[in-house]
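*Asks:*
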Amino acid sequence: MQTTQTPLPPEAESLFGRPTRAKRTERWVFMLIRAGTYFILACAAAIFIDIFYKGAQTVFQLEFPFINVEFLTDSPQTLHVFEYEGEKMEMKDSDFRVFKEETGASIVSQTYAYSGGGIWPCIVGTVLLVVGAMAIALTLGVLSAIFLSEYSKPGKILNAVRLSILNLAGVPSIVFGIFGMGMFVLAFGWNVSLIAGWFTLAFMVLPIVISASEESMRAIPQGLRDASLALGASKWTSIRTNVLPYAMPGILTSSIIGVARVAGETAPIMFTAAYALRDQLPWEGLEHWYDLFFQGVMALPYHIYVVSAKIPQNEYTSQMQYGTAFVFLFIVAGIALTSILLRIRMRRKYRW
């Protein structure tokens with residue numbers, strides 16, 4: 016029995032043409048791609064919801080002040096779990112030692128590393144790393160973009176430089192980590208320190224900043240430059256007053272992408288800047304102010320890695336993991352939101 020397809024109305028045929036096998040295949044391929052995209056977004060949403068739900072239980076509390084201040088302001092410590100007079104108690108290491116001295120009791124406790132105290136040194140270290148690395152990356156990246164966009168001459172060398180920048184953007188972060196350890200930590204003798212982490216992370220996001228900044232500058236109409244030069248301004252004055260301000264929204268877009276990558280990369284931080292545990296903040300116990308740059312720090316992504324992969328897992332480490340991830344997401348979102356708001360403000364101020 017032969018089946019016949021229902022003919023399309025004349026209006027539909029004039030707009031879409033007659034249905035063919037290629038069009039049906041294309042439609043099914045698009046449907047599969049769309050379904051895959053929605054599936055990935057659903058998985059990402061499930062992960063974020065899980066982090067926010069379980070992390071909020073660690074960061075927030077039902078009693079005043081409704082925020083777990085100790086978790087946000089204390090340093091990581093060992094957690095002691097024990098029974099005293101028939102009651103199960105949980106204490107961080109410093110409180111447990113005081114409790115034993117006050118009671119004079121011989122208490123046998125179960126200890127859980129990194130499960131007590133808080134993450135304040137990790138928060139401070141992460142903010143310092145992100146701010147310092149982005150300051151270096153934006154400075155070098157914008158200067159490089161100015162040279163490539165405004166001063167360089169088209170040719171094979173310029174094309175090779177741009178191709179190299181694009182290739183560097185795809186290099187895995189572990190390679191940058193090994194590079195930073197070999198150059199800054201060992202060859203330069205900076206050891207595991209803030210400055211070694213700054214330059215390693217800055218070089219990692221530098222290709223993104225250069226590419227985005229150059230494209231933003233090249234998108235500025237040539238007439239703005241010509242008008243400035245016609246009024247007697249020097250080339251640098253023209254770039255500084257007529258190109259950079261209007262290209263700044265695009266430059267800030269690259270900084271938003273760079274912040275997310277700098278803050279989330281564990282390998283470069285692990286090799287060049289981060290300690291698994293450091294009680295003191297970077298500016299404490301310094302002989303000279305410049306010693307701050309040569310101090311190692313704790314960092315939230317490395318702390319999550321240590322708590323998740325380097326110690327036995329239990330319900331107490333789970334609380335620390337989710338709480339740290341929750342705070343980490345808020346810090347990255349806060350820094351990115353600042354860049355977004357600044358970009359919006361500059362877009363409203365500079366229009367062409």
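The numbering of the sequence shown is this note's numbering, which starts it at 16 and goes up by one.
Backbone N, C-alpha and C fix where the C-beta goes; we use that ideal spot for every residue, glycine too.
(1) Sort G247, V142 and S243 by Cα distance to I254 and report the nearest one.
(2) G156 to G265, Cα distance in whole Å?
(3) Would you mind reading off the limits of the beta strand (DSSP E) that contains A128?
(4) Report the option in K325, F308 and D294 whose CA atom is closest to the CA atom of P91.
(5) How is M266 classed by DSSP in three states: helix, strand or coil?
(6) CB F67 to CB I134, shorter than 8 Å?
(7) Do I319 and A340 have their C-beta atoms within less than 8 Å of each other?
(8) Exposed or buried, which one is A348 when buried takes at least 16 other CB atoms within 10 Å?
(9) Taking Cβ positions, are P222 and L259 nearer each other than 8 Å?
(10) Could you give the C-beta distance for S354 and E280, rounded to a whole number, given that I count them as a contact under 8 Å?
(11) Which one or two residues does DSSP pair with M106 in a beta bridge?
(12) How would you write the range of the alpha helix (DSSP H) that K250 sits in, first residue to last?
(13) Taking the continuous alpha helix (DSSP H) assigned at L155, which residues delimit it?
(14) How about G338: is its C-beta nearer than 8 Å to some C-beta of chain B?
(15) In chain order, what residues of the same chain have a beta carbon less than 8 Å from the beta carbon of V342, not counting five sequence neighbours either side?
(16) So, helix, strand or coil for A289, using DSSP?
(17) Could you give the DSSP three-state label for I326: helix, strand or coil?
(18) Return helix, strand or coil for V207, following the three-state DSSP convention.
(19) Within 10 angstroms of the Cβ of M16, are there 16 or more other Cβ atoms? Answer buried if so, exposed if not.
(20) In the DSSP assignment, what are the bridge partners of F75?
(21) Between which two residues does the alpha helix (DSSP H) containing G238 stretch?
(22) What first and last residue would you give for the alpha helix (DSSP H) that runs through S179?
(23) Taking just the CA atoms, how far does E330 sit from G185?
(24) Specify the secondary structure class of M16 as computed by DSSP and reduced to three states.
(25) Please determine, among I180, T215 and L209, the residue with the shortest C-alpha to C-alpha distance to G197.
(26) Using DSSP's beta-bridge definition, name the partner residues of V224.
(27) Any heavy atom of the ligand COA closer than 7 Å to the Cβ of L301?
(28) Pull up the distance between the alpha-carbon of L163 and that of I180, whole angstroms please.
(29) Relative to the alpha-carbon of S208, which residue among I48, F308 and I55 has its alpha-carbon at the smallest distance?
(30) With distances taken Cα to Cα, identify the nearest neighbour of Y99 among G132, R362, Y337 and Q125.
(31) Name the DSSP beta bridge partners of V312, please?
(32) Report the three-state DSSP secondary structure of W43 (helix, strand or coil).
(33) Any idea if G440 is buried or exposed, counting beta-carbon neighbours within 10 angstroms, 16 or more meaning buried?
(34) Could you compute how far the alpha carbon of I193 sits from the alpha carbon of L153?
*Replies:* Looking at the atomic coordinates:
(1) One-based indexing of the sequence shown puts residue 254 at position 239. It is S243 whose Cα lies nearest to the Cα of I254.
(2) By one-based count along the sequence shown, residue 156 stands at place 141. By one-based count along the sequence shown, residue 265 stands at place 250. Distance between the alpha carbons of G156 and G265: 13 Å.
(3) Against the sequence shown, residue 128 aligns to sequence position 113. A128 -> beta strand (DSSP E) spans Q125 to G132.
(4) Residue numbering aside, residue 91 sits at position 76 when the sequence shown is read from its first letter. Taking only the C-alpha atoms, the option nearest P91 is D294.
(5) Within the sequence shown, numbered from 1, the residue matching residue 266 stands at position 251. Note that residue 266 is Ile in the sequence shown here, rather than Met. Correct three-state label for I266: helix.
(6) Residue numbering aside, residue 67 sits at position 52 when the sequence shown is read from its first letter. Residue numbering aside, residue 134 sits at position 119 when the sequence shown is read from its first letter. It is not a contact, given that the beta carbons lie outside the stated cut-off.
(7) On the sequence shown, residue 319 is found 304 positions in, with the first residue counted as 1. On the sequence shown, residue 340 is found 325 positions in, with the first residue counted as 1. Against a cut-off of 8 Å, the Cβ pair of A340 and I319 comes out as a contact.
(8) On the sequence shown, position 333 is the one that residue 348 refers to. A348 comes out exposed.
(9) The sequence position of residue 222 within the sequence shown is 207, counting from 1. The sequence position of residue 259 within the sequence shown is 244, counting from 1. It is not a contact, given that the beta carbons lie outside the stated cut-off.
(10) Taking the first residue of the sequence shown as 1, we reach residue 354 at position 339. Taking the first residue of the sequence shown as 1, we reach residue 280 at position 265. S354 to E280, Cβ: 18 Å. No contact.
(11) Taking the first residue of the sequence shown as 1, we reach residue 106 at position 91. According to DSSP, M106 bridges with H95.
(12) Here residue 250 refers to the residue found at position 235 of the sequence shown. Looking at the DSSP string, the run of the alpha helix (DSSP H) that includes K250 is K250 to S253.
(13) Counting from 1 along the sequence shown, the entry for residue 155 is found at position 140. From DSSP, the alpha helix (DSSP H) with L155 extends over W135 to I161.
(14) Protein chains in the displayed structure number just one, and chain B is not present.
(15) Within the sequence shown, numbered from 1, the residue matching residue 342 stands at position 327. G70, V74, L87, I134, I138 and L315, listed in sequence order.
(16) Numbered from 1 along the sequence shown, position 274 holds the residue referred to as residue 289. Residue state, collapsed to three classes: strand.
(17) What you label residue 326 is simply residue 311 of the sequence shown in a count that begins at 1. DSSP places I326 in coil when its eight states are reduced to three.
(18) By one-based count along the sequence shown, residue 207 stands at place 192. The answer is coil: DSSP assigns V207 none of H, G, I, E or B.
(19) Along the sequence shown, read from residue 1 onward, the residue named residue 16 stands at position 1. Its pLDDT being 47, under 50, M16 is placed unreliably by the model, and the measurement read from it follows with that caveat. Answer is exposed; the Cβ neighbour count stays below 16.
(20) Translated into positions along the sequence shown, residue 75 becomes position 60. Per DSSP, I82.
(21) Here residue 238 refers to the residue found at position 223 of the sequence shown. Q237 to A245 is the extent of the alpha helix (DSSP H) around G238.
(22) Numbered from its first residue, the sequence shown carries residue 179 at position 164. Residues K171 to A184.
(23) Within the sequence shown, the letter at position 170 stands for residue 185. Within the sequence shown, the letter at position 315 stands for residue 330. G185 and E330: Cα-Cα distance of roughly 38 Å.
(24) For the purposes of this step, residue 16 is taken as residue 1 along the sequence shown, with counting starting at 1. Residue placement at M16 cannot be trusted, given a pLDDT of 47 that sits under 50; what the coordinates show is reported in the next sentence. Coil, per DSSP.
(25) On the sequence shown, residue 197 is found 182 positions in, with the first residue counted as 1. When each option's Cα is compared against that of G197, the closest is T215.
(26) The sequence position of residue 224 within the sequence shown is 209, counting from 1. In the DSSP output, where bridge partners are listed per residue, V224 has none listed.
(27) Although the ligand COA was asked about, the structure shown includes no ligands whatsoever.
(28) To locate residue 163, count along the sequence shown from 1; it is residue 148. To locate residue 180, count along the sequence shown from 1; it is residue 165. Cα to Cα, the separation comes out at about 11 Å.
(29) In the sequence shown, the residue the question calls residue 208 occupies position 193. Cα-wise, what sits closest to S208 is F308.
(30) What you label residue 99 is simply residue 84 of the sequence shown in a count that begins at 1. When each option's Cα is compared against that of Y99, the closest is Q125.
(31) By one-based count along the sequence shown, residue 312 stands at place 297. V312 pairs with A289.
(32) The residue you call residue 43 lines up with position 28 of the sequence shown. Residue state, collapsed to three classes: helix.
(33) No answer is possible for residue 440: it lies beyond the span of the chain, which begins at 16 and ends at 367.
(34) In the sequence shown, the residue the question calls residue 193 occupies position 178. In the sequence shown, the residue the question calls residue 153 occupies position 138. If you take the alpha carbons of I193 and L153, they lie about 22 Å apart.
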